[in-house]
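A.B. asks: I have a structure here, written as structure tokens, and I will follow up with some questions on it.
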Amino acid sequence: MELSETLQSNASYRSFTDQPVSDEELRGILDLARFAPSGGNRQPWEVIIVKDPNRRNSLEHLYQLAWREYMAHVELGLVPFAPTDHGRWSGPAIDLEEARRRPAPSSFADNLATVPALLVVCVRLDQLAVLDNGLERQSIVGGGSIYPFCHNIMLAARSRGLGGVMTTVICRQESAVRELLAIPNGVAVAALLALGYPDKVVTRLKRHDPSTFTHLDTFTQRPPWEEVNSAAPSALK
Ligand SMILES: Cc1cc2nc3c(=O)[nH]c(=O)nc-3n(C[C@H](O)[C@H](O)[C@H](O)COP(=O)(O)O)c2cc1C
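Quick note on this note's numbering: the sequence shown kicks off at 4 and runs consecutively.
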């Protein structure tokens with residue numbers, strides 16, 4: 004598949020055919036994904052392929068709890084866990100315990116255990132160069148050494164005809180996930196990736212035009228997009 008087609012059809016797929024994802028396919032995907040960049044090329048990733056039905060059921064339950072917290076924010080029009088206090092998070096905006104008790108039905112969350120392939124991507128924290136540590140705002144740089152790898156998995160999967168979704172709500176339940184999957188201290192959960200063969204491929208993603216988020220020289224100026232746009236590769240249009 005052409006890169007532009009891979010990018011343009013790399014939607015979040017949460018519903019799959021019954022076709023299983025073979026070990027060989029997963030190996031091929033990880034073999035491509037490993038070319039991701041990371042700070043100092045430390046490659047801090049670890050991937051757990053979860054096949055065991057009991058562990059899958061437990062992951063589904065933990066995901067549902069986290070999904071409830073997420074949806075309780077969304078229902079109130081809040082960005083879940085956003086660092087809104089001058090770029091910092093100042094504690095829960097809702098009663099999280101109450102949120103976890105309230106069911107939030109979701110065909111994806113409620114069927115997570117049956118997704119063709121489930122990958123938990125972990126990150127070795129002592130291998131992260133976090134250059135914005137100590138700034139007076141939410142740290143963001145560390146994620147840059149693990150999410151390109153996660154995204155590479157999604158792109159590699161799409162290029163081979165699969166699809167899926169990168170999810171992070173499970174991080175809310177990190178301590179339970181660590182216990183469930185015997186993840187050692189100092190290793191964090193970065194994402195849960197669901198993969199399979201999509202039952203319907205999307206070809207038009209809803210994304211803002213580059214002119215809405217690009218600035219020229221300063222935040223207050225916009226570039227001459229008509230010119231740039233016409234020369235842009237089709238994936239950017
Ligand atoms: C950092 C990150 C975290 C995400 N976490 C979740 C998640 O926990 N659950 C989920 O269903 N989707 C999750 N998504 C998928 C987004 O919801 C999705 O990318 C977005 O809605 C765009 O959807 P589309 O690609 O189908 O257009 C996440 C995506 C990113 C990049």
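Just so you know, even glycine gets a beta-carbon here, dropped at the ideal spot from N, CA and C.
Using only the heavy atoms of ligand 1, determine whether one of them is closer than 7 Å to the beta carbon of Leu79.
C.D. replies: no
A.B. asks: Do Leu115 and Leu62 come within 8 Å of each other at the CB atom, strictly closer than that value?
C.D. replies: yes
A.B. asks: Counting only the same chain and skipping the five closest in sequence on each side, list residues whose C-beta sits under 6 Å from that of Leu122.
C.D. replies: Val50, Ile52, Leu196
A.B. asks: May I have the straight-line CA-CA distance separating Gly42 from Asp34, to the nearest angstrom?
C.D. replies: 19 Å
A.B. asks: Measuring from the CB of Lys203, is there a heavy atom of ligand 2 at a distance below 7 Å?
C.D. replies: Absence of ligand 2 is noted for the structure shown, with ligand 1 being the only ligands found.
A.B. asks: Can you tell me whether Gln11 is buried or exposed, with buried defined as 16 or more other CB within 10 angstroms of its CB?
C.D. replies: buried
A.B. asks: Alpha carbon to alpha carbon, what distance is there between Val126 and Ala160?
C.D. replies: 20 Å
A.B. asks: Rounding to the nearest angstrom, what Cα-Cα distance links Glu100 and Ala75 in this structure?
C.D. replies: 11 Å
A.B. asks: Where do the ends of the alpha helix (DSSP H) carrying Glu27 lie?
C.D. replies: 26-36
A.B. asks: Work out the CA separation of Pro86 and Gln2 for me, nearest whole Å.
C.D. replies: The question about residue 2 has no answer, for the chain in this structure spans 4 to 240.
A.B. asks: Given that a residue counts as buried once 16 or more other Cβ atoms are within 10 Å of its Cβ, and exposed if not, what is Glu28?
C.D. replies: By the beta-carbon neighbour count (other beta carbons within 10 angstroms, threshold 16), Glu28 is buried.
A.B. asks: Which residues have a Cβ closer than 6 Å to any heavy atom of ligand 1, listed in chain order?
C.D. replies: Ala14, Ser15, Phe111, Val168, Met169, Thr170, Thr171, Val172, Leu208, Lys209
A.B. asks: Label Thr170 either buried or exposed according to how many other C-beta atoms from any shown protein chain fall within 10 Å of its C-beta, with 16 as the threshold for buried.
C.D. replies: buried
A.B. asks: Given this structure, state the Cα-to-Cα distance separating Ile186 from Cys153, to the nearest angstrom.
C.D. replies: Taking the straight line joining both Cα atoms gives about 18 Å.
A.B. asks: Express the C-alpha separation of Val172 and Tyr73 in angstroms, rounding to a whole number.
C.D. replies: Our two residues, Tyr73 and Val172, have alpha carbons roughly 7 Å apart in a direct line.
A.B. asks: By how many angstroms is the C-alpha of Leu79 removed from the C-alpha of Val205?
C.D. replies: 29 Å
A.B. asks: Since Cys125 is in the beta strand (DSSP E), which residue starts that stretch and which ends it?
C.D. replies: 120-127
A.B. asks: Out of Gly31, Gly90, Ala36, Leu81, which one is the CA nearest neighbour of Ile242?
C.D. replies: Because the chain is modelled from 4 through 240, residue 242 falls outside the range shown and cannot be assessed.
A.B. asks: For the alpha helix (DSSP H) containing Val77, name the first residue and the last one.
C.D. replies: 56-78
A.B. asks: Following the continuous alpha helix (DSSP H) through Ile52, name the residue where it begins and the one where it ends.
C.D. replies: Note, Ile52: premise wrong, no alpha helix (DSSP H); beta strand (DSSP E) at 48-52.
A.B. asks: Would you say Pro119 and Gln22 are within 8 Å of each other, going by their C-beta atoms?
C.D. replies: A contact, by the Cβ cut-off of 8 Å.
A.B. asks: In terms of alpha-carbon separation, which member of Val133, Phe19, Ser162 lies closest to Ile149?
C.D. replies: Checked all of Val133, Phe19, Ser162; the closest Cα to Ile149 is Val133.
A.B. asks: Any idea if Ile32 is buried or exposed, counting beta-carbon neighbours within 10 angstroms, 16 or more meaning buried?
C.D. replies: Within a 10 Å sphere around the beta-carbon of Ile32 sit 16 or more other beta-carbons, which makes this residue buried.
A.B. asks: Is Ala159 helix, strand or coil by DSSP?
C.D. replies: helix
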